[in-house]
DNA sequence: TCAATATATGAATATATGTTCATATTTGTT
DNA sequence: AACAAATATGAACATATATTCATATATTGA
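Residue numbers (full-length UniProt numbering), protein chains in the order written: chain A, 1 to 101; chain B, 1 to 101.
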């Protein structure tokens, strides 16, 4: 029934907490959820979600550092998309779980 | 391939962010991970994880408010255990994911 | 090279959060 | 009622965090 307890090493603890921290902010959740439907430029994300360009850029940097998103350049425009299917699955799974209240 | 985008309502966003916030702190992760192996009293949790009783109590209240843990009384002792299998699964899944670095 | 567009950056601010200390509360025992 | 044991609570503090504003950087085209 219950699993064997194995204490968590520092590194695992850090990675896990960072991952969930990324998913704990409403703005980042909205950005990641939008990216689950395709790729969007910074400006598009800002417009779609009614956020300042600066806010989006800051949060994308955060997500980029954790390798949760990636981008592709086209001229002066950067198209962002998700880069961690596992984490995105967890997010979408939790959204569904939250929706059936 | 990509899922249809459906904007998140306030309530869903709140629940999801709160859930991940619970999982974003190392202390709470350690407590929940310990509870995944059985039920423990506040003092036992504090001793096992080398935390102050007060710290554990505060964090357990946090987790209790989100209904992630529950307790059972036996005299003056409260035995805590997890109360949300779905969230615990997500945590354990992410720990495994983080471990194979 | 200049202008226009898209994005990034840094400082400032306000707010949220985790831990600690001291103490209160609750329950059971004598 | 008095005491001990287990847990909860509240205030204080230090730190982390998200957003905003102003500005910098980078790319393209004329």
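A virtual CB, placed ideally from N, CA and C, is assigned to each residue, including glycine.
Query	Result
Same chain only: Cβ atoms within 8 Å of residue 78(A), ignoring 5 sequence neighbours per side	41, 42, 71, 72
Extent of the continuous alpha helix (DSSP H) to which residue 103(B) belongs	No answer is possible for residue 103(B): it lies beyond the span of chain B, which begins at 1 and ends at 101.
8 Å contact criterion, which residue 81(B) and residue 35(B) should meet: CB distance rounded	6 Å
Buried or exposed by the 16-neighbour rule on C-beta atoms within 10 Å, applied to residue 52(A)	exposed
Under 7 Å by beta carbon: chain B residues contacting residue 23(A)	20
Residue 12(B), enclosing beta strand (DSSP E) - first and last residue	It is not in any beta strand (DSSP E) - residue 12(B) instead sits in the alpha helix (DSSP H) that spans 10-22.
Touch test, the stretch 90-99 of chain B against the stretch 55-72 of chain B, Cβ-Cβ under 8 Å, three pairs minimum	no
Host alpha helix (DSSP H) of residue 48(B) (start-end)	42-49
Whether residue 28(B) touches residue 22(B) by CB criterion (8 Å)	yes
Close-in-space but distant-in-sequence residues of the same chain around residue 83(A) (CB under 8 Å, 5 per side omitted)	67, 68, 69, 70
Residue 5(A) versus residue 44(A): straight-line alpha-carbon distance, rounded	46 Å
Residues sharing a beta bridge with residue 70(A), DSSP	81(A)
Residues near residue 16(B) by beta carbon distance below 7 Å, same chain, minus five either side	none
Cutoff 7 Å; reference residue 57(B); Cβ partners in own chain excluding five residues on either side	42
DSSP state of residue 63(A) mapped onto helix, strand, coil	helix
For residue 54(A), three-class secondary structure by DSSP	helix
Boundaries of the alpha helix (DSSP H) in which residue 27(A) is found, first to last residue	26-35
Candidates 46(B), 75(B), 37(B), 47(B), of which the one nearest residue 89(B) by Cα	37(B)
Against chain A: residues of the stretch 45-78 of chain B by CB proximity under 7 Å	none
Under 7 Å by beta carbon: chain A residues contacting residue 15(B)	98
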